[in-house]
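Colleague:
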Amino acid sequence: MSGTGPEVIGSSGGRILTVGRSVTVEVPASSANLGPGFDALGVALGLYDTVTVTVIESGLELSVTGEGAGQVPDDASHLVAKAVEAGLRAGGTGAPGLRITCHNAIPHSRGLGSSASAAVGGLVAADGLMGRLLTTDHLVQLASEFEGHPDNAAASVLGGVVVSWIERSQTQVRYRAVRMEVDPSIVATVLVPAETSSTAQTRGLLPDTVPHEDAAFNASRAALMSVALASHPEFLLAATEDRLHQPYRAPALVGTTEWVSRLRDRGLAATVSGAGPTVLVLASAPLPGDLRQLAEDQGWRVLDLRIADAARVIAES
Numbered sequence: 002m003s004g005t006g007p008e009v010i011g012s013s014g015g016r017i018l019t020v021g022r023s024v025t026v027e028v029p030a031s032s033a034n035l036g037p038g039f040d041a042l043g044v045a046l047g048l049y050d051t052v053t054v055t056v057i058e059s060g061l062e063l064s065v066t067g068e069g070a071g072q073v074p075d076d077a078s079h080l081v082a083k084a085v086e087a088g089l090r091a092g093g094t095g096a097p098g099l100r101i102t103c104h105n106a107i108p109h110s111r112g113l114g115s116s117a118s119a120a121v122g123g124l125v126a127a128d129g130l131m132g133r134l135l136t137t138d139h140l141v142q143l144a145s146e147f148e149g150h151p152d153n154a155a156a157s158v159l160g161g162v163v164v165s166w167i168e169r170s171q172t173q174v175r176y177r178a179v180r181m182e183v184d185p186s187i188v189a190t191v192l193v194p195a196e197t198s199s200t201a202q203t204r205g206l207l208p209d210t211v212p213h214e215d216a217a218f219n220a221s222r223a224a225l226m227s228v229a230l231a232s233h234p235e236f237l238l239a240a241t242e243d244r245l246h247q248p249y250r251a252p253a254l255v256g257t258t259e260w261v262s263r264l265r266d267r268g269l270a271a272t273v274s275g276a277g278p279t280v281l282v283l284a285s286a287p288l289p290g291d292l293r294q295l296a297e298d299q300g301w302r303v304l305d306l307r308i309a310d311a312a313r314v315i316a317e318s
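Counting in this note's numbering, the sequence shown runs from 2 upward without gaps.
1. Can you list, in chain order, the residues of its chain whose CB lies under 7 Å from that of residue 196, leaving out five sequence neighbours each side?
2. Could you tell me if residue 128 is buried or exposed, where buried requires 16 or more neighbouring beta carbons within 10 angstroms of its beta carbon?
3. Pick out the complete alpha helix (DSSP H) segments inside the region 45-94, 4 residues or longer, and give them in chain order.
4. Are the CB atoms of residue 31 and residue 113 nearer to each other than 8 Å?
5. Short of 6 Å in beta carbon distance, which residues of its chain neighbour residue 28, apart from the five on each side in sequence? Order them along the chain.
6. I need the boundaries of the beta strand (DSSP E) containing residue 31, first residue and last residue.
7. Which of the three DSSP states, helix, strand or coil, is assigned to residue 279?
8. Enumerate in chain order the residues of its own chain whose CB-to-CB distance from residue 225 is below 7 Å, with the five nearest sequence positions on each side excluded.
9. How long is the line joining the alpha carbons of residue 1 and residue 33, rounded to whole angstroms?
10. Return the first residue and the last residue of the alpha helix (DSSP H) that residue 293 is part of.
11. For the candidate residues 303, 181, 317, 89, whose alpha-carbon lies nearest to that of residue 287?
12. Taking Cβ to Cβ, would you say residue 272 is nearer than 8 Å to residue 48?
13. If you draw a straight line from the alpha carbon of residue 155 to that of residue 115, how long is it in whole angstroms?
14. What's the call for residue 98, buried or exposed, on a 16-neighbour Cβ count within 10 Å?
15. Under a Cβ-count criterion, where at least 16 other Cβ atoms within 10 Å of its own Cβ denotes burial, should residue 298 be classed as buried or exposed?
16. Using the Cα positions of residue 12 and residue 93, report the straight-line distance between them to the nearest angstrom.
17. Indicate whether the contact test is met: 3 or more Cβ pairs, each with one atom in the region 8-23 and one in the region 250-259, closer than 8 Å.
18. Round the Cβ separation of residue 57 and residue 100 to the nearest angstrom and send it over; I've been treating them as touching at under 8 Å.
19. Taking only three categories from DSSP, how would you classify residue 213?
20. How far does the alpha helix (DSSP H) with residue 261 in it reach, from first residue to last?
21. On the DSSP bridge list, what partners appear for residue 104?
22. Just curious, the beta strand (DSSP E) that residue 196 is in, first and last residue?
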């Protein structure tokens, strides 16, 4: 796609990037909630989108291959393009024009943080073009503003497992996150179905209030999750129990709910990945062969993914 964009993309009042400057970014997928940590816990997963952004003489050129090709916008409304512009503006920098190439491996609308990864990829690319002006805190803030919550975005920015939260005042909303250490024996497996799910739709199934007993239950499990991830993976099954969101979303995620139950019945710490429909399993060993075969026979993609590091620039010129 090519088209006529604004004279300057980003900030017109500061430095203008040189034509030919180029960066390529690798940004991981993510899974949010991890059971009890609704809108608070997230993990970066070793499945990557790559974004290449090159400064050109004028306009905006954008192309997408892989997941979402032909379905997502190929103009300035694309989330990566918006994020690149937001990053340049935050750094007081402009570009006469941009060529953006996205190769997507992260499935869209499956609960693997594809939107957050797009936002983070664009922001990290902009930061790379500017020579690393933005802090990780700034990147978490900017990416979370696109999402409205920091769990997925923070995981892609910081890597590993993150605990995130929101601080509100009368004048601003501040998105915060911190990365925690994870026992190196823990591996992630995702079961990805063919069907998609809308975060907005499944979030709409959640009640406005929950019983005090359920809130206390989830608080205990979220606290236990920190211990299980850091040093006691034997507690992962109990630590991934949840009463705040998965039971309410179950009617809209029948196949997902069946698989979560099947896996947990086998002693595996399985949860809905984000808003679904992907299933996330955290364990100290790969998925047993019979369960893997059954899932694949039913049309699920089974992927063994390491817990990933942060989004990063992998090439520049």
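Yeah, the Cβ is synthetic: ideal placement off N, Cα and C, and Gly gets one too.
Modeller: Quick look at the numbers:
1. 278
2. By the neighbour-count criterion, in which 16 or more other beta carbons inside 10 Å mark a residue as buried, residue 128 falls on the buried side.
3. 80-91
4. Residue 113 is positioned such that its CB atom lies closer than 8 Å to that of residue 31.
5. 50, 118, 121, 122, 157, 312
6. 23-33
7. coil
8. 236, 239, 240
9. Residue 1 lies beyond the range of the chain shown here (2 to 318); nothing can be said about it.
10. Residues 290-298.
11. 303
12. no
13. 13 Å
14. buried
15. exposed
16. 5 Å
17. No, they do not touch.
18. 5 Å
19. helix
20. 255-266 is the span of the alpha helix (DSSP H), which, as asked, contains residue 261.
21. 51, 66
22. First-last for residue 196: undefined, no H or E at that position.
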